[in-house]
Amino acid sequence: MNPLSGRVPEAISESPEMGRGGGVSTPKHLKRKGQWIKPCSNKALTTARAMEQSTAGSPWLLLLFLAVAATGGARAQTDSKGFISIDCGLPGKASYEDATTTLSYVPDAGFTDDAAGTNMNISAEHMTSQLSRRYHDVRSFPDGVRNCYTLRSLVSGRKYLLRAAFLYGDYDGLGRPPVFDLHAGVNYWMTVNASDPGEEVIAEALVVVPDDFVQVCLVNTGTGTPFVSALELRPLKMRYYPQVNLTQGLVLAHRLNLGPETGIVRYPDDPNDRVWTASALKEGREISTTETMQFNYEVPMVVMQTAVTPSNASENIDLSWEPVPQPRDPSPGYFIITHFSELQILPTNALREFYVSINGDKVASYIRLPYLGVNMVYNQDAPYRDSHYNISIGVTANSTLPPVLSAIELFFSMSTTNLATDSQDVSAVTAIKARYHVQRNWMGDPCVPKTMAWERLTCSYTMASHPRITSLNMSFSGLNGDISPSFANLKALQYLDLSNNNLTGTILDTLSQLPLLTLL
Numbered sequence: 001m002n003p004l005s006g007r008v009p010e011a012i013s014e015s016p017e018m019g020r021g022g023g024v025s026t027p028k029h030l031k032r033k034g035q036w037i038k039p040c041s042n043k044a045l046t047t048a049r050a051m052e053q054s055t056a057g058s059p060w061l062l063l064l065f066l067a068v069a070a071t072g073g074a075r076a077q078t079d080s081k082g083f084i085s086i087d088c089g090l091p092g093k094a095s096y097e098d099a100t101t102t103l104s105y106v107p108d109a110g111f112t113d114d115a116a117g118t119n120m121n122i123s124a125e126h127m128t129s130q131l132s133r134r135y136h137d138v139r140s141f142p143d144g145v146r147n148c149y150t151l152r153s154l155v156s157g158r159k160y161l162l163r164a165a166f167l168y169g170d171y172d173g174l175g176r177p178p179v180f181d182l183h184a185g186v187n188y189w190m191t192v193n194a195s196d197p198g199e200e201v202i203a204e205a206l207v208v209v210p211d212d213f214v215q216v217c218l219v220n221t222g223t224g225t226p227f228v229s230a231l232e233l234r235p236l237k238m239r240y241y242p243q244v245n246l247t248q249g250l251v252l253a254h255r256l257n258l259g260p261e262t263g264i265v266r267y268p269d270d271p272n273d274r275v276w277t278a279s280a281l282k283e284g285r286e287i288s289t290t291e292t293m294q295f296n297y298e299v300p301m302v303v304m305q306t307a308v309t310p311s312n313a314s315e316n317i318d319l320s321w322e323p324v325p326q327p328r329d330p331s332p333g334y335f336i337i338t339h340f341s342e343l344q345i346l347p348t349n350a351l352r353e354f355y356v357s358i359n360g361d362k363v364a365s366y367i368r369l370p371y372l373g374v375n376m377v378y379n380q381d382a383p384y385r386d387s388h389y390n391i392s393i394g395v396t397a398n399s400t401l402p403p404v405l406s407a408i409e410l411f412f413s414m415s416t417t418n419l420a421t422d423s424q425d426v427s428a429v430t431a432i433k434a435r436y437h438v439q440r441n442w443m444g445d446p447c448v449p450k451t452m453a454w455e456r457l458t459c460s461y462t463m464a465s466h467p468r469i470t471s472l473n474m475s476f477s478g479l480n481g482d483i484s485p486s487f488a489n490l491k492a493l494q495y496l497d498l499s500n501n502n503l504t505g506t507i508l509d510t511l512s513q514l515p516l517l518t519l520l
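UniProt numbering applies: residue 1 is where the sequence shown begins, and numbers increase by one.
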């Protein structure tokens, strides 16, 4: 064995699009050796040809090396692209254009309750010239267990990329970075651990949104005040990432652009604004082209125009890591997407043909690409679960040239099986909250999870059905004005108490005719 180490760029803190901590991390150095996985049955990886395949704390350490083969709300929410880009904690109403992406970032007013949270600036010590503007400030949430942002104007049933960014920057002067949970709607997403005050933590999830809105919630777990720097939402084409459905999302661990030593690729090169981080090998070599490439999953052309390859035809490309248990999943499952491109015109007597194996099990046996052709290999039906993982990309017996690899995406699975409260009930109680300016802990989903259900509200829970609001006690709540007709839209309501308020008018006929209401 003659392992040659690879690495990602050292100056991660100068790339505000990436970070470390919590469930997502980019190590500053990739080690020389590692271990890898034993696939279970029925986990065949799918080989996809370009344009034909459709629809996609540090938790674990990625190791990249070459090894000699042993043998052979109130605001207009989305822009014209369907993007939402929020600078959380930005004061005022004015938006601004990001210098790198040219995307417009807006303040978070209208995306969360006006009275929720406090806008703060990070300390001058962490305010560097390289730092993107959205990291200059945060919104912190010292009050309440759960505080949420609501992103609207979405398409029900569509796939979206959700990205949350956090830079502590000692904004509170306490020098104690917090640890807290992040939820996508009613489902746990990841635990945010902002252990380094000057480095960004990035949480990215690919999910199917069941309604025309999605909520991103910060949950106080008793280990510091939750905060957030930025939120981003990007629509994805339904043919991308077939692993993502109504019951399963993907949480990004790494998305690497192999070949370049430094740099970040994102919008406008990537029309979906995925973030690709450069990762180069110390030895081996980069190959590249300026010719037009085919698109696969709309991977940016600039990403597919570079690749890494061993120096000798007898060497493999090996990718290795060991997963670290997640707070909610001691043995997280992983999905792997590898992207290949042929960037060289091969002599007539030359052949580049290679296979992909995971812990010795070949999942793609004969990959041969035409000039400027692309290919990818991924597992679709089920994630891999093991104590260590090892991908080996090696040549076949007939090959005269070493293998190539342009990019890799690594995700762990995210359960999205929790059912939110009935959508009509949510609309009704949200309208009631807005009409009477309710100042309780009414944030996020009214009924789910049970431990965070709204105060003075009771829900019914039935297997495989959306929870329903069955009881609402609004007595002594300082309600003023007419009785809102939205009460009549709580069709499962059995108990309603509006006593000792300053309401005017009579009980609505429709309210008195609610089918299940027994006590008014």
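Backbone N, C-alpha and C define an ideal beta-carbon position, used for all residues, glycine too.
Could you compute how far the alpha carbon of residue i sits from the alpha carbon of residue j?
i           : j           : result
residue 82  : residue 476 : 42 Å
residue 167 : residue 126 : 9 Å
residue 440 : residue 274 : 37 Å
residue 87  : residue 231 : 7 Å
residue 249 : residue 462 : 23 Å
residue 365 : residue 209 : 36 Å
residue 384 : residue 247 : 17 Å
residue 295 : residue 256 : 17 Å
residue 278 : residue 267 : 15 Å
residue 80  : residue 319 : 39 Å
residue 448 : residue 128 : 40 Å
residue 163 : residue 148 : 14 Å
residue 308 : residue 286 : 5 Å
residue 160 : residue 421 : 21 Å
residue 506 : residue 119 : 42 Å
residue 54  : residue 361 : For residue 54, the pLDDT reaches just 33, beneath the cut-off of 50, and the residue's location in the model is therefore unreliable, leaving the point undetermined.
residue 138 : residue 121 : 6 Å
residue 397 : residue 312 : 14 Å
residue 130 : residue 304 : 27 Å
residue 214 : residue 111 : 11 Å
residue 419 : residue 288 : 47 Å
residue 218 : residue 272 : 25 Å
residue 98  : residue 108 : 16 Å
Whole-angstrom Cβ separation of residue i and residue j, contact assumed at under 8 Å?
i           : j           : result
residue 460 : residue 495 : With a Cβ gap of about 12 Å, residue 460 and residue 495 do not count as contacting.
residue 334 : residue 411 : 7 Å
residue 464 : residue 400 : That pair is no contact at about 57 Å.
residue 144 : residue 169 : Contact doesn't hold; Cβ gap of about 23 Å is too wide.
residue 106 : residue 123 : 25 Å between Cβ atoms; not a contact.
residue 408 : residue 339 : 7 Å
residue 226 : residue 178 : 6 Å
residue 316 : residue 392 : 5 Å
residue 104 : residue 85  : 6 Å
residue 341 : residue 265 : No, residue 341 and residue 265 are not in contact; Cβ-Cβ is about 14 Å, not under 8 Å.
residue 376 : residue 336 : Contact flag wrong, Cβ pair sits at about 10 Å.
If you compare alpha carbons, which of the options is closest to residue i?
i           : options               : result
residue 258 : 298, 423, 203 and 306 : 306
residue 188 : 197, 204 and 498      : 204
residue 238 : 77, 229 and 206       : 206
residue 353 : 485, 394 and 347      : 394
residue 502 : 489, 481, 485 and 488 : 481
residue 443 : 77, 150, 256 and 488  : 150
residue 228 : 216, 286, 235 and 221 : 216
residue 299 : 270, 322 and 327      : 270
residue 492 : 102, 508, 186 and 513 : 513
residue 427 : 387, 458, 392 and 487 : 487
residue 201 : 212, 180 and 323      : 180
residue 348 : 371, 363 and 498      : 371
residue 253 : 153, 358 and 322      : 322
residue 234 : 174, 158 and 293      : 158
residue 113 : 413, 272, 291 and 89  : 89
residue 382 : 77, 452 and 244       : 244
residue 251 : 115, 414 and 424      : 414
residue 436 : 417, 489, 373 and 484 : 484
For residue i, which residues does DSSP report across the bridge?
i           : result
residue 112 : 109
residue 502 : 480
residue 329 : 326
residue 148 : 217
residue 140 : 118 and 227
residue 187 : 184
residue 429 : Note: residue 429 sits in no beta bridge, so no partner.
residue 258 : 279
residue 434 : According to DSSP, residue 434 bridges with nothing at all.
Can you find a C-beta in chain C that's less than 7 Å from the C-beta of residue i?
i           : result
residue 210 : Among the chains of the structure shown, chain C does not appear; only one protein chain is present.
Worksheet entry | Within the region 274-314, ranges of the alpha helix (DSSP H) (whole runs, at least 4 residues) | 301-304
Item to complete: Could you pull out every unbroken beta strand (DSSP E) segment of at least 3 residues lying fully inside the region 343-392, listed in chain order?
Response: 354-358, 361-367 and 374-379
Fill in: Every unbroken beta strand (DSSP E) inside the region 200-256 [3 residues or more]
201-209, 214-223 and 230-236
Worksheet item: Of all the beta strand (DSSP E) runs that stay within the bounds of the region 446-481, which reach a length of 3 or more residues?
Response: 457-460 and 468-473
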